[in-house]
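There are 2 protein chains.
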Amino acid sequence: MNIGEASEASGVSAKMIRYYEEIGLVRPAARTGNNYRIYGEDEVHVLRFVKRARSLGFSLEETETLLKLWQDKSRESAAVRQVATAHIADLERRIAEMQGMVNTLKHLAQCCGGDHRPDCPILDDLAGVSSAAGESSAEPIAP
Amino acid sequence: MNIGEASEASGVSAKMIRYYEEIGLVRPAARTGNNYRIYGEDEVHVLRFVKRARSLGFSLEETETLLKLWQDKSRESAAVRQVATAHIADLERRIAEMQGMVNTLKHLAQCCGGDHRPDCPILDDLAGVSSAAGESSAEPIAP
DNA sequence: ATAGGGCTTCCCATCATGGGAAGGTCAAGG
DNA sequence: CCTTGACCTTCCCATGATGGGAAGCCCTAT
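The listed protein sequences derive, respectively, from chains X and B. Just so you know, we're using our numbering here: the first sequence kicks off at 1 and counts up by one. Just so you know, we're using our numbering here: the second sequence kicks off at 1001 and counts up by one.
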């Protein structure tokens, strides 16, 4: 399999496959006489693993850890779960942060006429005008 | 006010103040004879506006739009609200995406023994082993 | 006079990905 | 046999927002 077919089969772009090789996430592919990379089912399997880990939001560093655990037949599943739960916590922290933004913005947008007049509580909030609307962003709306 | 004081007063790092000037987000500060940037209350106000917009997750590009609307006294509040609602939609899309990851991961982590044995549904999912656990990541858990 | 702290510009790094140029290789069709 | 097009290779650059740090200038206090 050439890199294009491996890309097709794994869902990872050829650009990224080369990059993963360069940073040592996957081991260097064998080469044909014409210096083309060649891939077999095993390599594609690894690439799919990476693809799936990325789609679950794991960083490349975390993905590398998971990949090593996967290939370590004597791993303890606790180690895997630890990586996963840390990642869950991180995702939830970011979700909460963004949800706070959404709450604030929705409140402001609701208070905004959205008409032809220039008065706008959204801008007032951004400008630091402490109207009834704009409280601290991360805080829940409820008083 | 020197840049350090303006940074203190606005909560924007000196590094970022210079960067915002470089990319044209804020207009170039006046300079003293010794080539130091000088800031007044107005400039600090602008920087605080930027800081607040960033803390609500607006990109620098969106922030620039909002900044222009803020300074345009004949703006229509509808334009502001449009920017805000588009941003809300984007945030909510990203939240939903991450929540999907969390749901999948929590399910997998729950099915994982997390003990000394190597068997691990999390790795099975990443490896594409279609166990009872690992369905498509963005899907809700409910059957 | 010297030390320290602030300012300046300039370059580099992050993280993961894509774009594109310049050039080699291969297969099919004229 | 030669061309065309679709691959492949490496190398450089860009993104977005931020930080780190070096080299050098300026001012103030000791």
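For every residue, glycine included, the Cβ atom is placed at its ideal position computed from N, Cα and C. Small disclaimer: the values here were computed from a predicted structure and weren't measured.
### Task
Could you pull out every unbroken alpha helix (DSSP H) segment of at least 4 residues lying fully inside the stretch 1052–1130 of chain B, listed in chain order?
1060–1071, 1077–1111, 1121–1126
### Task
Would you be able to state if there are at least three C-beta pairs under 8 Å between the stretch 1117–1130 of chain B and the stretch 1080–1096 of chain B?
no
### Query
Shorter than 9 Å from the beta carbon of residue 1113 (chain B) to some beta carbon of chain X?
yes
### Query
Is residue 1066 (chain B) closer than 9 Å to residue 126 (chain X) when the C-beta atoms are compared?
yes
### Message
On the CB-based measure, 16 or more other CB atoms within 10 Å of its CB, does residue 10 (chain X) come out buried or exposed?
### Response
buried
### Query
How would you list, in chain order, the residues of chain X whose beta-carbon sits under 9 Å from the beta-carbon of residue 1116 (chain B)?
76, 77, 78
### Message
Can you list, in chain order, the residues of its chain with a C-beta nearer than 6 Å to that of residue 47 (chain X)? Leave out the 5 residues immediately preceding and following it.
### Response
So the qualifying residues of the chain are 10, 12.
### chain X within 9 Å of residue 1024 (chain B), Cβ atoms only
no
### Query
Between residue 63 (chain X) and residue 54 (chain X), what straight-line distance do the alpha-carbon atoms span, to the nearest angstrom?
7 Å
### Query
Do we get a CB-CB distance below 9 Å when we pair residue 153 (chain X) with the residues of chain B?
Chain X is shown only over 1 to 143; residue 153 (chain X) falls outside these bounds and no answer can be derived.
### Message
Let me see if you follow: with CB-CB separation under 9 Å, is residue 1021 (chain B) close to chain X or not?
### Response
no
### Query
Which word fits residue 1036 (chain B), buried or exposed, when buried means at least 16 other C-beta atoms lie within 10 angstroms of its C-beta?
exposed
### Span of the alpha helix (DSSP H) around residue 29 (chain X)
No alpha helix (DSSP H) holds residue 29 (chain X); DSSP gives it neither H nor E.
### Message
Check for me: the alpha helix (DSSP H) holding residue 10 (chain X) runs from which residue to which?
### Response
3–10
### Task
Check whether the Cβ of residue 1128 (chain B) lies closer than 9 Å to any Cβ atom in chain X.
Residue 1128 (chain B) counts as touching chain X.
### Task
Taking only the alpha-carbon atoms, compute the straight-line gap between residue 1051 (chain B) and residue 1057 (chain B) and give it to the nearest angstrom.
Rounded to whole angstroms, residue 1051 (chain B) to residue 1057 (chain B) spans 10 Å at the Cα level.
### Message
Quick check on residue 1038 (chain B): does DSSP put it in helix, strand or coil?
### Response
strand
### Query
Helix, strand or coil for residue 1018 (chain B) per DSSP?
helix
### Task
Measure the Cβ-Cβ separation of residue 1023 (chain B) and residue 1007 (chain B) and say whether it is below 9 Å.
Not a contact, by the Cβ cut-off of 9 Å.
### Task
Note down, in chain order, each residue of its chain lying with its Cβ closer than 7 Å to the Cβ of residue 14 (chain X), except the 5 sequence neighbours on either side.
3, 4, 7
### Query
In three-state terms, what does DSSP make of residue 1025 (chain B)?
coil
### Task
Could you name the residues of the stretch 53–71 of chain X whose beta carbon sits closer than 7 Å to any beta carbon of chain B, in the order they occur along the chain?
53, 55, 56, 57, 66, 69, 70
### Query
Given a threshold of 16 other Cβ atoms within 10 Å of its Cβ, counted over all protein chains shown, does residue 1104 (chain B) qualify as buried or as exposed?
buried
### Query
Using the beta-carbon count (16 or more within 10 Å), is residue 1029 (chain B) buried or exposed?
buried
### Task
Could you tell me whether any Cβ in chain X is nearer than 9 Å to the Cβ of residue 1012 (chain B)?
no
### Query
How long is the line joining the alpha carbons of residue 39 (chain X) and residue 26 (chain X), rounded to whole angstroms?
12 Å
#### Entry: Rounded straight-line distance, which links the Cα of residue 34 (chain X) to that of residue 1069 (chain B)
58 Å
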